[in-house]
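If you read the protein sequences in the order shown, they are chains A and B. For the first sequence, my numbering begins at 80 and goes up steadily by one. For the second sequence, my numbering begins at 80 and goes up steadily by one. For glycine and all other residues, C-beta sits at the position ideal for the given N, C-alpha and C. Just so you know, these numbers come straight off a predicted model, no measurement behind them.
Protein chains: 2
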Amino acid sequence: MEQGDLYVSAEKLRAFCTEVLERLEVPHEDAEITARVLVEADLRGIDSHGVARLSRYVNGIQNGMMRPKAKPRIIHETPSTATIDADAGLGQPVSFNAMKLAMSKACEHFLGFVGVKNSNHFGIAGFYAMMALAEDMIGICTTNSEVLVVPTFAKDAILGTNPIAIAIPAGKERPFVLDMSTATVTRGKLEVYARLEKEIPPSWATDENGIATTNPTRVLQNIIKRAGGGLLPLGGSLEESGGHKGYGLALAVEIFSAVLPGALYANKVYPKNSEGKPLPSGLGHFFGAIRIDAFRSKEEFKHDMDDLIQRLKNSPKAAGADRIYIHGEKEFEKSEYLAKHGVPLNAKVAADLQSIGKQIGLSEPF
Amino acid sequence: MEQGDLYVSAEKLRAFCTEVLERLEVPHEDAEITARVLVEADLRGIDSHGVARLSRYVNGIQNGMMRPKAKPRIIHETPSTATIDADAGLGQPVSFNAMKLAMSKACEHFLGFVGVKNSNHFGIAGFYAMMALAEDMIGICTTNSEVLVVPTFAKDAILGTNPIAIAIPAGKERPFVLDMSTATVTRGKLEVYARLEKEIPPSWATDENGIATTNPTRVLQNIIKRAGGGLLPLGGSLEESGGHKGYGLALAVEIFSAVLPGALYANKVYPKNSEGKPLPSGLGHFFGAIRIDAFRSKEEFKHDMDDLIQRLKNSPKAAGADRIYIHGEKEFEKSEYLAKHGVPLNAKVAADLQSIGKQIGLSEPF
Numbered sequence: 080m081e082q083g084d085l086y087v088s089a090e091k092l093r094a095f096c097t098e099v100l101e102r103l104e105v106p107h108e109d110a111e112i113t114a115r116v117l118v119e120a121d122l123r124g125i126d127s128h129g130v131a132r133l134s135r136y137v138n139g140i141q142n143g144m145m146r147p148k149a150k151p152r153i154i155h156e157t158p159s160t161a162t163i164d165a166d167a168g169l170g171q172p173v174s175f176n177a178m179k180l181a182m183s184k185a186c187e188h189f190l191g192f193v194g195v196k197n198s199n200h201f202g203i204a205g206f207y208a209m210m211a212l213a214e215d216m217i218g219i220c221t222t223n224s225e226v227l228v229v230p231t232f233a234k235d236a237i238l239g240t241n242p243i244a245i246a247i248p249a250g251k252e253r254p255f256v257l258d259m260s261t262a263t264v265t266r267g268k269l270e271v272y273a274r275l276e277k278e279i280p281p282s283w284a285t286d287e288n289g290i291a292t293t294n295p296t297r298v299l300q301n302i303i304k305r306a307g308g309g310l311l312p313l314g315g316s317l318e319e320s321g322g323h324k325g326y327g328l329a330l331a332v333e334i335f336s337a338v339l340p341g342a343l344y345a346n347k348v349y350p351k352n353s354e355g356k357p358l359p360s361g362l363g364h365f366f367g368a369i370r371i372d373a374f375r376s377k378e379e380f381k382h383d384m385d386d387l388i389q390r391l392k393n394s395p396k397a398a399g400a401d402r403i404y405i406h407g408e409k410e411f412e413k414s415e416y417l418a419k420h421g422v423p424l425n426a427k428v429a430a431d432l433q434s435i436g437k438q439i440g441l442s443e444p445f
Numbered sequence: 080m081e082q083g084d085l086y087v088s089a090e091k092l093r094a095f096c097t098e099v100l101e102r103l104e105v106p107h108e109d110a111e112i113t114a115r116v117l118v119e120a121d122l123r124g125i126d127s128h129g130v131a132r133l134s135r136y137v138n139g140i141q142n143g144m145m146r147p148k149a150k151p152r153i154i155h156e157t158p159s160t161a162t163i164d165a166d167a168g169l170g171q172p173v174s175f176n177a178m179k180l181a182m183s184k185a186c187e188h189f190l191g192f193v194g195v196k197n198s199n200h201f202g203i204a205g206f207y208a209m210m211a212l213a214e215d216m217i218g219i220c221t222t223n224s225e226v227l228v229v230p231t232f233a234k235d236a237i238l239g240t241n242p243i244a245i246a247i248p249a250g251k252e253r254p255f256v257l258d259m260s261t262a263t264v265t266r267g268k269l270e271v272y273a274r275l276e277k278e279i280p281p282s283w284a285t286d287e288n289g290i291a292t293t294n295p296t297r298v299l300q301n302i303i304k305r306a307g308g309g310l311l312p313l314g315g316s317l318e319e320s321g322g323h324k325g326y327g328l329a330l331a332v333e334i335f336s337a338v339l340p341g342a343l344y345a346n347k348v349y350p351k352n353s354e355g356k357p358l359p360s361g362l363g364h365f366f367g368a369i370r371i372d373a374f375r376s377k378e379e380f381k382h383d384m385d386d387l388i389q390r391l392k393n394s395p396k397a398a399g400a401d402r403i404y405i406h407g408e409k410e411f412e413k414s415e416y417l418a419k420h421g422v423p424l425n426a427k428v429a430a431d432l433q434s435i436g437k438q439i440g441l442s443e444p445f
């Protein structure tokens, strides 16, 4: 939230995004789900995955990368698992339905896991993992993504920032919601530092020779030119600092999300045709739902979750720190605040949305 | 492998460990499994979890922390899941059987997940995850552990080094075997640096005020005195370098391994009675088996795994690097080498084993 930000209610933003997508021939229900996932990201403070992305979806639909009227179908199924071909549609509706399917399978068989292939960008992984909470289930979600991350000892990026989301219910306390990319930071963070002309920590990215660098502009230019280097996995460039662990997590996510359902993987994603025109990105996702009472009474589990959370939060703080967080806590607080006060849009994003509105013939976007 | 190391064949080491455990009233089969897991750690180059640990198990059995004749039993079960009470026995036999159970459930229902409570140290998580490979399944294993890791912004350690192991089959290539603690490094690494009087990187540990330190001796002394500080999660002490992500992974492992099966968690593990005598550690574990063909044909999956692995390995190297590794690769190579040449035991470990042998009345240990 900065000076000059425009505050728009979540409701208005959702209505606007839905309208835009519907005018691009996305069916009403799919448009609504997509809008909901986008605005949820803004509410949780993950602006990079919020309405600021709408223009990419509009472009994606217009250039044929995303099929507005996609008809996803189940191509492999067992009582507790399934694989869905997303038919190159928007990532959000197929992911929402895949998680629903995982949950309904878990409802009957205690565990439900569903993979998705031939999909596109799906927004924040945490949205789908959190769907499980209402049913007293653990929700899991991973996806592969645009190639940006450099494996340990490699020169070039081959993997995505490949997020992992895990949502676990508690009792009186808020649920645990981990939603993390397996890179140290994502590209947006480098863009902020580049704008401020600040050096980045050496655990964030490598230069065109695959060596850790503190120059964000150099990294961003190399990414655009595909000149080598890129973002570092969690743990940085060295085995000494555990970079091979972050690389291992990114690779595990790539396998679960893409190789298991048969999606495009590693540097095969976001292919182009012979004329350089973008084809469907071919991304894959993985969704899991686990019933708590598959292992133990829900009540006992929630009691222990509350106690664990309180032990962590009430523990002595490091010098200079005044609070220990549980994952998801900051986002829940932000979300409650913004739901009341409106979502802040910076000037660039606001102008972007106005221009999309005009382009598709909406006289007053929001 | 250093000068002065004694080389002993894996077979002899296994026989010795089995014999020692049997003399302490561990049933033959359980003793054999435990010996196998210990020696497998040495073969894979993870000496800290190998036969060097035998003395702790001997002590654990002798002081009542580990029950040699434990009778684990299933206390909760569904067709695809189960929870086992380990009856405070050795961690290895119950974990071997829990993974077998997960696999047999997956064999029938495509997914099988089993939690274990009331257990003890189980050796390397990778051993159990890798059991799934022979059945063309993905194997998953996590455990909570001794309190050593400091959450982001906390002063004291509250979580364990909580490892995650994931084993995924490939075709012609070696399988992917990630076996990583969720701390940047484990305690053994600090002990090596302390011996060499070398500074540690600031992403490894915090001092008694919860501030990152480069002094390994100070950290180790604080751990012994419970004076505050401890090991850092993957990503280090700052949110800037992703420390909250490592903390989130450690917490997720704590919940899956301990809260889900109803084991002791966080700083409740390794309790003592009112006289300071150690009670059973109360650790918990989590095991998962996922059939590849729950999602896709095994052959197609393995084909893509091979291609993904080759893409990574054949990718251009960073300046100064000559090889990109897949997780598990170094350990497979080491294991093949040591299976031929014998397992190196340093003087301290060799003397330790000799002394155990003498104590239980074995005239010639190995």
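Can you round the beta-carbon distance between residue i and residue j to whole angstroms, since I take them to be within the 8 Å contact cut?
i, j, result
"Ala181/A", "Gly191/A", "4 Å"
"Val130/A", "Gly202/A", "At roughly 11 Å, the Cβ-Cβ gap does not stay under 8 Å, so Val130/A and Gly202/A are not in contact."
"Pro254/A", "Thr222/A", "Actually they do not touch by this definition, with Cβ atoms about 21 Å apart."
"Asp383/A", "Val348/B", "Contact doesn't hold; Cβ gap of about 13 Å is too wide."
"Ile219/A", "Ala236/A", "Between Ala236/A and Ile219/A the Cβ distance is about 25 Å, and since that is not below 8 Å, they are no contact."
"Ile334/B", "Ile247/A", "6 Å"
"Pro395/B", "Ala262/A", "Contact doesn't hold; Cβ gap of about 19 Å is too wide."
"Ser198/B", "Leu362/B", "5 Å"
"Asp322/B", "Met259/A", "Note that residue 322/B is Gly in the sequence shown, not Asp. Gly322/B to Met259/A, Cβ: 11 Å. No contact."
"Leu317/B", "Gly314/A", "Between Gly314/A and Leu317/B the Cβ distance is about 13 Å, and since that is not below 8 Å, they are no contact."
DSSP three-state label for residue i, please.
i, result
"Gly436/A", "helix"
"Val130/A", "helix"
"Asn294/A", "coil"
"Ala161/B", "strand"
"Tyr349/B", "coil"
"Val338/A", "helix"
"Asn138/B", "helix"
"Gly267/A", "helix"
"Asn197/A", "strand"
"Val431/B", "It is worth fixing the name first, because residue 431/B is Asp in this sequence and not Val. Reduced to three states, the DSSP call for Asp431/B is helix."
"Phe192/A", "strand"
"Glu276/A", "coil"
"Glu156/B", "strand"
"Thr231/A", "coil"
"Ala454/B", "Lying before the first or after the last residue shown, residue 454/B is absent from chain B, which here runs from 80 to 445."
Between which two residues does the alpha helix (DSSP H) carrying residue i extend?
i, result
"Ser174/B", "Gly170 to His188"
"Arg146/B", "Careful: Arg146/B lies outside any alpha helix (DSSP H) and carries neither H nor E."
"Leu122/B", "His107 to Leu122"
"His323/B", "Gly322 to Glu333"
"Tyr207/B", "Ala204 to Met210"
With respect to the beta strand (DSSP E) encompassing residue i, which residues constitute its N-terminal and C-terminal limits?
i, result
"Gly218/A", "Met216 to Thr222"
"Ile388/B", "Element bounds for Ile388/B: not the beta strand (DSSP E) but the alpha helix (DSSP H), Lys377 to Lys392."
"Ile243/A", "Ile243 to Ile247"
"Phe366/B", "Leu362 to Arg370"
"Tyr86/A", "Leu85 to Val87"
"Val256/B", "Phe255 to Met259"
"Leu424/A", "Val422 to Leu424"
Looking only at its chain, what residues have a beta carbon closer than 8 Å to the beta carbon of residue i, apart from the 5 residues adjacent to it on each side?
i, result
"Glu111/B", "Arg93 and Thr97"
"Arg152/B", "Ile163, Asp164 and Asp166"
"Asp286/A", "Thr292, Asn294, Arg297, Val298, Asn301, Gly307 and Gly308"
"Ile405/B", "Glu252, Arg253, Phe255, Ile388, Leu391 and Lys392"
"Ala418/B", "Ala89 and Leu122"
Could you name the residues of the same chain whose beta carbon sits closer than 7 Å to that of residue i, not counting the 5 residues immediately before and after it, in chain order?
i, result
"Pro147/B", "Leu103, Glu104, Val105 and Ile140"
"Phe206/A", "Val116 and Glu119"
"Val87/A", "Gly421, Val422, Leu424 and Phe445"
"Gln433/B", "Pro444"
"Asp385/B", "Ala249, Gly250, Lys251 and Glu252"
Quick one: residues in its chain with C-beta nearer than 6 Å to the C-beta of residue i, no 5 flanking neighbours on either side, listed in chain order?
i, result
"Lys184/A", "Ser159 and Gly191"
"Ile371/B", "Asp215, Lys377 and Phe380"
"Gly168/B", "Arg146 and Ala149"
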